[in-house]
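Per this note's numbering, the very first residue in the sequence shown carries number 3; after that it's consecutive.
We treat Cβ as the ideally placed atom computed from N, Cα and C, and that holds for glycine.
What follows is a short report on a single structure.
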Amino acid sequence: MDAPREAPQTQHLLDLAFGLSQAGQLGLCGPATPLSVWGPGCSGALLHKTTDASLVPVIVPTLAKARLGVAGMTVAPVAPKAWIRPPGSSDEEYAEDRPGKPCPACGTGHIASPWHILNVCEHAKVAAARAELRENADAFVRRLALLCADAARAGHPLYLLETEAASALVQQAVFDWNSPSGDFLLFRLCLVLPFPASVVPPNERCDDNITWLLGRVFNTVFVRPHAMRFTANAWVRWGGKSYLAIAKVWADAVDDALSSA
Ligand SMILES: [Zn+2]
């Protein structure tokens, strides 16, 4: 029981002084969860790993509110002006917003939410903004795969091979953004939410499905938080600005529809 562990003295020192565990004892990836896991404190919680101060005032809070779903649709900067409650509103008034409101821009009766804006709303200006966003996303997703492969070089070489292979396939894929996988990916990209490959049903897994390929990239990136900072900054910047741009088009369309009603 008191026998020393099979490791060099420096490893014991690092273990006792800094809690750095021996790789062989905790599995190959002991120090980190994969990037596909984004729970509190996990690798995929990228909003908290941003170190770019210019993102803090607007972009990070916008993404945090977008993740609230319908509950985030009545607060600035994404809310239509007509939906923002004045300061001093009562708890009861705020409670009325909680179930969500039907989208006045398209008039389809769908409840307004980030998903509705990004993938569903049929208002002409929002649809045009979506077409542009899909083009930008098609370019960004390839850059993101390369950034993840760069970050993965700080991790274990066994997994790096899989990350690089999946990242290379992303570069060549011809992806249909107008598909369930495309809707899912656009939403996750804009809100900066990594995901595992298993979200894609088996019958849709192919080398042209970027959602499937990117999930494989996320599954195999196991690195300490500092190695993810550059990727986190780039992704949060792209996601936040992209979401803000289309959400502003949608909010203006809502205000126009409400003022002309
Ligand atoms: Zn709509």
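(request) Could you please give me the residues that DSSP links to Ile113 through a beta bridge? (result) Taking the first residue of the sequence shown as position 1, residue 113 is located at position 111. Answer is Pro104.
(message) My assumption, with CB atoms under 8 Å, is that Lys243 sits in contact with Ile61. Please give the rounded CB distance.
(response) The residue given as residue 243 occupies position 241 in the sequence shown. The residue given as residue 61 occupies position 59 in the sequence shown. The distance from the Cβ of Lys243 to that of Ile61 is about 7 Å, consistent with a contact at the 8 Å cut-off.
(request) Under the assumption that Ala255 contacts Lys51 (Cβ atoms under 8 Å), give the Cβ distance between them as a whole number of angstroms. (result) Within the sequence shown, the letter at position 253 stands for residue 255. Within the sequence shown, the letter at position 49 stands for residue 51. About 34 Å; that fails the 8 Å criterion.
(message) In whole angstroms, give me the CA-to-CA distance for Val238 and Arg207.
(response) Counted from its first residue, the sequence shown places residue 238 at position 236. Counted from its first residue, the sequence shown places residue 207 at position 205. If I take the Cα positions, the gap works out to 27 Å.
(request) Under 8 Å Cβ to Cβ from Thr233, same chain only, skipping five residues before and after it: list those, please. (result) Position 231 of the sequence shown, counted from the first residue, corresponds to residue 233. In chain order, Leu48, Leu146, Leu149, Cys150, Asp152, Ala153 place their CB closer than 8 Å to the CB of Thr233, counting only its own chain and leaving out the 5 sequence neighbours on each side.
(request) Identify whether Ala147 lies in helix, strand or coil by the three-state DSSP scheme. (result) Locating residue 147 in the sequence shown gives position 145, counting from the first residue. Correct three-state label for Ala147: helix.
(request) Express the C-alpha separation of Asn211 and Asp54 in angstroms, rounding to a whole number. (result) As a working note, residue 54 is residue 52 in the sequence shown. As a working note, residue 211 is residue 209 in the sequence shown. It is roughly 31 Å from the alpha-carbon of Asp54 to the alpha-carbon of Asn211.
(request) Round the Cβ separation of Ala253 and Pro82 to the nearest angstrom and send it over; I've been treating them as touching at under 8 Å. (result) Looking up residue 253 in the sequence shown gives position 251. Looking up residue 82 in the sequence shown gives position 80. The pair is a contact, with the Cβ atoms about 4 Å apart (cut-off 8 Å).
(request) List the whole-angstrom C-beta distance separating Val201 from Phe186, where the pair is believed to meet the contact cut-off of C-beta under 8 Å. (result) The residue given as residue 201 occupies position 199 in the sequence shown. The residue given as residue 186 occupies position 184 in the sequence shown. A Cβ-Cβ distance of about 7 Å is found for the pair Val201 and Phe186, placing them in contact under the 8 Å criterion.
(request) Look at Ser38 and Pro198 and say whether their C-beta atoms are less than 8 Å apart. (result) Residue numbering aside, residue 38 sits at position 36 when the sequence shown is read from its first letter. Residue numbering aside, residue 198 sits at position 196 when the sequence shown is read from its first letter. Yes; because the gap between Cβ atoms is below 8 Å, this pair is in contact.
(message) In this structure, how does DSSP classify Glu206 when only helix, strand and coil are distinguished?
(response) Stepping through the sequence shown from its first residue, residue 206 is reached at position 204. DSSP places Glu206 in the helix class (H, G or I) of the three-state scheme.
(message) At a threshold of 7 Å, does Ala129 count as lining ligand 1 (C-beta to nearest heavy atom)?
(response) As a working note, residue 129 is residue 127 in the sequence shown. Incorrect: Ala129 has no Cβ contact closer than 7 Å to ligand 1.
(message) Shorter than 7 Å, the distance from the beta carbon of Ala107 to the closest heavy atom of ligand 1, or not?
(response) The count along the sequence shown starts at 1 and reaches residue 107 at position 105. At least one heavy atom of ligand 1 is nearer than 7 Å to the Cβ of Ala107, so yes.
(message) Quick check on the burial criterion: 16 or more other C-beta atoms within 10 angstroms. Buried or exposed for Pro196?
(response) By 1-based counting over the sequence shown, the position of residue 196 is 194. Looking at its Cβ environment, which holds 16 or more other Cβ atoms inside 10 Å, Pro196 is buried.
(request) From the DSSP output, in three-state form, read off Asp178 for me. (result) Here residue 178 refers to the residue found at position 176 when the sequence shown is read from its first residue. Note: Asp178 maps to coil in three-state DSSP.
(message) In whole angstroms, give me the CA-to-CA distance for Arg155 and Trp214.
(response) Within the sequence shown, residue 155 is the residue found at index 153, counting from 1. Within the sequence shown, residue 214 is the residue found at index 212, counting from 1. Rounded to whole angstroms, the separation of the alpha carbons of Trp214 and Arg155 is 21 Å.
(message) Taking contact to mean 3 or more Cβ pairs, one atom from each stretch, closer than 8 Å, check whether the stretch 219-235 and the stretch 76-94 are in contact.
(response) The answer is no - the stretch 76-94 does not touch the stretch 219-235, with fewer than three Cβ pairs under 8 Å.
(message) What does the alpha-carbon distance come out to for the pair Gln27 and Gly157?
(response) Counted from its first residue, the sequence shown places residue 27 at position 25. Counted from its first residue, the sequence shown places residue 157 at position 155. Confidence at Gln27 is low in this model, with a pLDDT of 41, below 50, so its placement is unreliable and the value that follows should be read with caution. Approximately 16 Å between the Cα atoms of the pair.
(request) Confirm, please, whether the CB-CB distance from Leu171 to Asp140 is below 8 Å. (result) By one-based count along the sequence shown, residue 140 stands at place 138. By one-based count along the sequence shown, residue 171 stands at place 169. The beta carbons of Asp140 and Leu171 sit no closer together than 8 Å.
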